[in-house]
C-alpha cells in the first residue's frame, strides 16, 4: 500500500503540472491571437506605399548596424583565439619539457607530435619576434629533440641489427644441394615494429633534421653487420671442417687427397670462399631492399656503395691473397696448388651477372673490383698453365730420378693427373688461355673457341711430355729397358686419355692422337723385342755345317754347336734375370709381350733342338741342352715379375 501522504503529494504535484500546462496553453493561444492581429495590421500597413517606404527606410539602417555588430563580435572572437594561440607558443617549452627529456623510446608518435609543436613555435618567433629569449629556448629544445631522435635511430639500428646466422645464409644461397626444390628464403634484418619506427625517424630527419648524419650512421651499422655475417659463415665452415666437408655448388672434385691433410683443409678454404662470394651477393641484395625503405631514393646508391665496401674489400683482399699464393706456388713449380684458382674463378664468373646487377648504380671503382679479380685470376692461371707446359718439356734428366725397373715416370703420372683435373674446369681453363690471346677471335671468345684452345694446350703438354720422356730414356744404357720405359709411359698416357674425356678433348683439334700413341707403343714393343735377337741369333742355321745323320762331326763343327747352345743358354739366363726385375704395370700389355716373346723364342728353340737331335756333338749333352722348350717358356713367363 502507498502511504496516504505520498499519494496526496503525488496528486498535488500532478495538479500543479496540469495547471502549468494549462497556463502555457493559454499563453500560446493569446500569442497566436496577437500574431494574427499583428499580421492583419501589417497587411493593412503594407497596402499603403508610403507606409512601405517608411518601413524600408527604418529597417535597412538597423540591418546594417546589426551586420557591423556581428563583424565586431567575430573580430573579437578571432583576436581572442589568436591571443590564445600566441600565448600557447610561450608555453611550448614548458609543456614539452618532460616528453623531450624522456626521449622518444617507446612513444615515438607522441614525441614527434611534441617536436612538431616546438618547430611551429620556432617558426612563429622567427617570423614575429626574432629577438625574444623564447626563440632561443625553443630552438635549443628543438635541437635537443632532434639529437635524441638521431640517438634513437642509432640505438634502434644498433640494438636490433644482428649478423645473419650461417645456416640461414646457406639456405638463402641454396647451400643444401640435397633439396630438390630450393625455397626462396627471406632474410629479416629488423623486427617489423622496429623497422617502422626507423622509417618514421628517417623520414622526419630527412625533412626537418637538415643533415644527413643519420645516413652515415645507417651504413656504418649495417656495414658492420654485413661483414660480421660473412665472417660468421667463414667461421662456420672452419668449425665444420673437422667433421665433414660441406658440399660446394661450385668446386666439384678438385683432386684426390691421400688423407685429411693440407689438401682437405685447402678444399674447405676454397669452399668457404666460394660460399662467401655467393653470400655477399645475396646479403647485399637483401641489404639494398632494406635500405630502399629507410634511405631516400636520391641517396640510396651512394649509401649502398658505402655500406658494402668493408665486406667487399675483405673478400677481394682474400681473393688477392689466393692469387698471391698461386703466384708463389708457380715460383716453387708447385702447379697443382694453382688449381685452387679454377673452382673459385669458375664461381666468380658464374656469379658475375648477379654481382653486376646488385652493384648497379654504385661507383665505377666498386663495380670494377670483381672484374679486376677475375682478370687477375685468369692471368695467373694462364701463366701457371704455360709454365706447367714448359716445365714438362724442361724437366731435368736425372739418373737418380729414373725408375730402375722402367715403370711409369712420376712426371708422366703428375702431368696426366694435372690434365685430368682440368676436365672439371674446361670452360674456365679455356677462358684463361683465351684471355692471353691477342687475336680478334679471342676478344669475343666463345666456349667453342676456348675449347679448341684447351685442346691445343693439352696436345702441347702431351707433345712436351713425349719429348721429355724420349730424352729421359737415353739415361738407360740398355736399349731394351729404354724401350720398356717408353712403352710403359706411352701406354699409361693412352689408357689415361681413354679413361677420361681427355681423348675426346684432344681430338677436337688432333683427331689422330689415339692412333699416334698406339703406333708409339707398338714401336717400343718392337724395340724391346730386338733385345732377344742376341738370344735367338744363336738358334739360326748360320754357321751350322751341312751333315748327314750319323756322320761324324769335325772338332770345329762340334764346337760351333756347343757355342750356339752356350750362347743361347747364357743369353736366356742373363735376359731373364735382368728383365725379371723390370716392370710392365699393365697386365694386358705384360701378358701380350710375354706371349709374343714366348712364341718367337720357343719356336726358334724347338726348331734348333730338332736340327741337333741326331747330332753327336758332345759326350755330355745335358751340359749344353739345359732347358726344354717348356722350361724356356716358363722362364719367359717370369719376365717383369719380381716375385717369381
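Numbering (the UniProt record's numbering), first residue to last: 1 to 644.
Beta carbons are placed, not taken as given, at the ideal position from N, Cα and C, and that holds for glycine.
Given the structure is predicted, the values throughout are model-derived calculations rather than measurements.
CB contact flag (residue i, residue j, <8 angstroms)
i           : j           : result
residue 286 : residue 189 : yes
residue 457 : residue 385 : yes
residue 419 : residue 502 : yes
residue 315 : residue 223 : no
residue 521 : residue 494 : yes
residue 653 : residue 349 : The requested residue 653 does not occur in the structure, where the chain is confined to residues 1 to 644.
residue 134 : residue 142 : no
residue 513 : residue 584 : no
residue 205 : residue 293 : no
residue 451 : residue 508 : yes
residue 532 : residue 610 : no
residue 226 : residue 198 : no
residue 658 : residue 392 : Because the chain here runs from 1 to 644, residue 658 falls outside it and cannot be looked at.
residue 378 : residue 331 : no
residue 166 : residue 233 : yes
Residue i versus the options, residue with shortest Cα-Cα distance
i           : options               : result
residue 637 : 466, 316 and 575      : 575
residue 653 : 320, 304, 462 and 341 : Nothing can be reported for residue 653, as the shown portion of the chain is limited to 1 through 644.
residue 148 : 99, 379 and 415       : 99
residue 530 : 517, 593, 615 and 425 : 593
residue 341 : 368, 332, 460 and 383 : 383
residue 319 : 302, 554, 372 and 284 : 372
residue 200 : 268, 211 and 112      : 112
residue 615 : 554, 582, 629 and 595 : 554
residue 108 : 448, 139 and 145      : 145
residue 523 : 510, 327, 601 and 480 : 480
residue 478 : 635, 6 and 579        : 579
residue 595 : 619, 640 and 569      : 640
Same chain, Cβ closer than 6 angstroms to residue i, five either side skipped, listed in chain order
i           : result
residue 376 : 323
residue 363 : 305
residue 361 : 301
residue 255 : At residue 255 the pLDDT is 35, less than 50, meaning the model places this residue with poor confidence and gives no usable figure here.
residue 465 : 392 and 415
Exposed unless 16 or more other CB atoms sit within 10 angstroms - verdict on residue i
i           : result
residue 152 : buried
residue 588 : exposed
residue 496 : buried
residue 295 : buried
residue 470 : exposed
residue 631 : exposed
residue 489 : buried
residue 339 : buried
residue 186 : exposed
residue 482 : buried
residue 259 : Because the pLDDT at residue 259 is just 40, under 50, the model does not fix this residue reliably, and the value given afterwards should be weighed accordingly. Per the 10 Å Cβ criterion, exposed.
residue 63  : exposed
residue 8   : exposed
residue 267 : buried
residue 39  : exposed
residue 58  : exposed
DSSP three-state assignment for residue i, whether helix, strand or coil
i           : result
residue 44  : helix
residue 640 : coil
residue 463 : helix
residue 442 : Any reading at residue 442 must be qualified, since the residue scores a pLDDT of 46, below 50, and its modelled position is unreliable; the value itself is stated next. Looking at residue 442 - three-state DSSP - the assignment turns out to be helix.
residue 627 : coil
residue 513 : helix
residue 470 : helix
residue 612 : coil
residue 165 : coil
residue 434 : helix
residue 617 : coil
residue 650 : This structure cannot settle anything about residue 650, because the visible part of the chain is limited to 1 through 644.
residue 159 : helix
residue 6   : helix
residue 476 : coil
residue 527 : helix
residue 61  : helix
residue 487 : helix
residue 577 : helix
residue 364 : helix
residue 567 : helix
Cut-off 7 angstroms between Cβ atoms - residues of its own chain near residue i, not counting five sequence neighbours on either side
i           : result
residue 604 : 536 and 539
residue 313 : none
residue 606 : 629
residue 436 : 382
residue 612 : 561
Residue i CB to nearest heavy atom of the ligand SAM below 7 angstroms
i           : result
residue 536 : With respect to small molecules bound, the structure shown includes none, and the ligand SAM cannot be examined in it.
Min CB distance residue i to chain B below 8 angstroms
i           : result
residue 133 : The structure shown has no chain B; it contains just one protein chain.
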